[in-house]
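Top line first, the protein sequences correspond to chains A and B. Using numbering that gives the first Met the number 0, the first residue of the first sequence is number 0, and each one after it goes up by one. Using numbering that gives the first Met the number 0, the first residue of the second sequence is number 0, and each one after it goes up by one. All C-beta atoms, glycine included, are put in the ideal place defined by N, C-alpha and C.
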Amino acid sequence: MSASWPWLTLALLGAYHGVNPGMGWLFAVALGLQEQSGRAVLRALLPIAIGHAAAIGLTVGLLAAGRASVPLDALAWITTALLVGFGLFKLIRPRHPRWVGMRVGAKDLVLWSFLMATAHGAGLMLLPVFLLGEDNPAPCHGASCHQAAGLSLNSVWSYLAAISLHTLAMLGTAALVAMVVYYKVGLSVLRRAWFDLDRIWALALILAGILGLVLRAS
Amino acid sequence: MPFRVDPTFYPSPRMAIEAPPERIAYVTAPSAEAVLGKKGAVPDALAVVDLDPGSPTYSQIIALPEVPNLGDELHHSGWNACSASLCPYAPHPHVERRYLLLPGLRSSRIYVFDTKPDPRNPKLVHTVEASEIAARSGYSRPHTLHCGPDGIYVCTLGAPNGEGPGGIFVMDCETFEVRGRWELDRGSQFLHYDFWWHLGYDTLISSEWGTPNMIEAGVNPELLLGKKYGHKLHIWDLRKRRHLQELDLGDEHQMALELRPAHNPTKAYGFVNSVVSVKDLSSSIWLWYRDGERFALRKVIEIPAEPASEADLPPLLKGFKAVPPLVTDINLSLDDRFLYVACWGTGELRQYDVSDPHQPKHTGVVQLGGIVRRAGHPRSGGPLTGAPQMVEVSRDGRRVYFTGALYTTWDDQFYPDGVKGWMVKVHANPQGGLALDPDFYVDFGPRRAHQVRLEGGDASSDSFCYP
């Protein structure tokens, strides 16, 4: 397996989170429409990305704390149990977001995005990558070689780099979708193309949990 | 559970206008005899009316499921979920417009009807008891409900003992669990009638009628002439659930009822009707609008009383020698262009072009029933009692439906011969102008007819987060 796979996976999951209307692009489009300004769409996305990164950071931080006190094997099982359990819970009893409010500033958007990402288990979904990516000694080639950490996820700096990469992928994808919807296709796309992403999302959580275990064993 | 967004949810009012024409209506059909304790009492019912001109049962009641109690006084109704579920900050992709909730204005029960699998034959599947509403919210006499972004908002007229304050509680849109009282700080608000919102501005508006004790036995002339019924609007922060401002119509303008905010969420204005002025018996329509960070209010339409001979008037009005217009309902088309005004006293449905909300233009009228006029319908077989009351407008704005009864005890004061239950249809010209449909007339038999809800949504069922 290529040593860059955890990074690629984190970026792809970032794109996946970015596509989900519940993670923020739809809110950004709505705020742009309310103000009749495409720039307002982009302006809203930055705080949304910060809130997303904070939610991921919190979960990953908990993982790091767990690593210090729980054996790695047990931690892998706990992570899987959490992911499968949370996914099943979301499948069986879809919850309703309780936020009400369109008149939001940047601080509100950071908080909103943090709450939405946390409630959806966005950080949880990434945990197997962080667990599996830990011992990933990179074949280090010249300029692409990261100084100390290589491509392994085993230091604070590598964690921060991983969260940033994921968030940038999420932000880029959300911005792309928001711009296309705002300027090109319009909101009627919601009626045609808005599947119940929450259920796909729940399945993704379960899949992430199981893959985490299977790949660890192999 | 559907995998796609409910096809009756539209992000914007502009898109909802393109919706296919409605084929059925759900109309609350209360039995007056049950409320008044008279002979012939039957349970209230939900009338399903066929609106499809190509159907053999067009203009007929095709199903009439009854509720299991007597004297609930079914009145308004509303959906568990609607286009507000698409709001960006709380997207609910898995909910569907499926359950129709019918509050009993006297019993305080809320009946939940399931309109699937067979929309033509809805089934009663759940009842929220008055005791649950009282225990969880302290409120009683549920009146109007709106499907909001995060649940069902229900407004009430008062407390279980019939006094105030009236207010709003919130219910879960799938389990129908009463989540509790909505207001965190009600400020000066005490009386309640209707509420709605400007979702784009996080603003909720509420209006005032009277406490249950002020209205249940009928309109009280002493309270009315003493200017004790409601005459204010209240502006609330929808997000913080706090009272922000009150707007006073002036106490001679009694009973500020239906609130019709612009459907376009980027616009922050709307219309409210005052039923009667104690000065001259006129009715009036008022416009609220944003003025800086605050809201302002001004009268934009006044409809005068019509002179009448004492012999033609009910006891309540004899001394005045005039019939008041009694505007008791208004409705705004989804394009925010036409305002419909029901004159329940004089027997008129009026249409105003409100493209410029500050300068309404009177563009059409249909006359039917009325305290003095009693104008008949081609299919009613003679004069009609009751008059245009609850008005509903199709999503495309081409068809307007209305019924003729207000509220049992009030019906009998203004129409002492009793009000028949009926529903009619009017064609609205997109350029302005109204024409009564001579073929559409629904007779409700032993029951009266109140609010009309149209299949898939109508001009007062949905709210939108996108322009």
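In summary, Pro382/B is exposed, with fewer than 16 beta-carbon neighbours lying within 10 Å of its beta-carbon over all protein chains present. Excluding residues up to 5 positions away in sequence, Tyr15, Gly86, Met124 lie with their Cβ nearer than 8 Å to the Cβ of Ala203/A in the same chain. Interface with chain B (9 Å Cβ-Cβ cutoff): Trp6/A is excluded. Secondary structure of Met422/B (DSSP, three-state): strand.
In this structure, DSSP gives Lys37/B a state outside helix and strand, which the three-state scheme calls coil. Using a CB distance cut-off of 9 Å, Leu333/B does not count as an interface residue toward chain A.
Excluding sequence positions up to five before and after Ala304/B, its CB lies within less than 7 Å of the CB of Asp279, Leu280, Ser281, Ala321, Val322, Pro323, Pro324, all in the same chain and listed in chain order. His242/B has a beta carbon lying at 9 Å or more from every beta carbon in chain A. Here Gln188/B carries a coil assignment [DSSP, helix/strand/coil]. The Cβ-Cβ distance between Asp328/B and Val390/B falls below 9 Å. Beta-bridge analysis with DSSP links Gly291/B to no other residue.
Each residue's CA atom was taken as its position, placing Leu82/A and Asp149/B some 26 Å apart.
Separation of the CB atoms of Leu331/B and Phe270/B is rounded to 7 Å, and the pair is thereby assigned contact status at 8 Å. In the three-state DSSP reduction, Tyr268/B falls in the strand class (E or B).
Where Gln412/B is concerned, the enclosing alpha helix (DSSP H) starts and stops at 407-413. Just so you know, the alpha carbons of Gln430/B and Val399/B end up roughly 15 Å apart.
For Tyr152/B, the enclosing beta strand (DSSP E) begins and ends at 151-157.
Taking the beta carbon of Met14/B as reference, the chain A residues within 8 Å of it are Leu186, Ser187, Arg190, listed in sequence order.
Contact with chain B is absent for Met169/A, since none of that chain's Cβ atoms lies less than 9 Å from the residue's Cβ. Counting along the chain, the unbroken alpha helix (DSSP H) around Gly84/A starts and ends at 71-91. Taking the beta carbon of Tyr465/B as reference, the chain A residues within 9 Å of it are Val28, Ala29, Leu32, Gln33, Leu186, Leu189, listed in sequence order. Taking a C-beta distance under 9 Å as the contact criterion, Gly225/B and His191/B do not qualify as a contact pair. Within 10 angstroms of the beta-carbon of Arg105/B lie 16 or more other beta-carbons, which makes it buried. Closer than 9 Å to the CB of Arg180/B there is not a single CB belonging to chain A. Residues of chain A whose Cβ lies closer than 7 Å to the Cβ of Ser11/B are, in chain order, Leu186. When 7 Å is used as the limit between beta carbons, Leu85/B is near these residues of chain A: Leu189, in chain order. The straight-line gap separating the alpha-carbon atoms of His119/A and Pro87/B is approximately 15 Å. Around the beta-carbon of Tyr200/B, 16 or more other beta-carbon atoms lie within 10 Å, marking it buried. By alpha-carbon distance to Glu454/B, the top candidate from Ala80/B, His262/B, Pro159/B, Pro10/B is Ala80/B. For Leu25/A, the chain B residues whose Cβ falls inside 7 Å of its Cβ are Pro87, Pro90, in order along the chain. Within chain B, the residues whose beta carbon sits less than 7 Å from that of Trp111/A are Tyr88, listed in sequence order. Residue pairing from DSSP places Met170/B in a beta bridge opposite Ile151/B, Val177/B. Ala158/B counts as buried, since at least 16 other C-beta atoms from the protein chains shown sit within 10 angstroms of its C-beta. Rounded to whole angstroms, the gap between the alpha carbons of Ala133/B and Tyr181/A is 45 Å.
When rounded, the separation of the alpha-carbon atoms in Val153/B and Met170/B is 8 Å. Against chain A, the beta carbon of Arg238/B has neighbours under 8 Å at Val99, Gly100, Arg102, listed in chain order.
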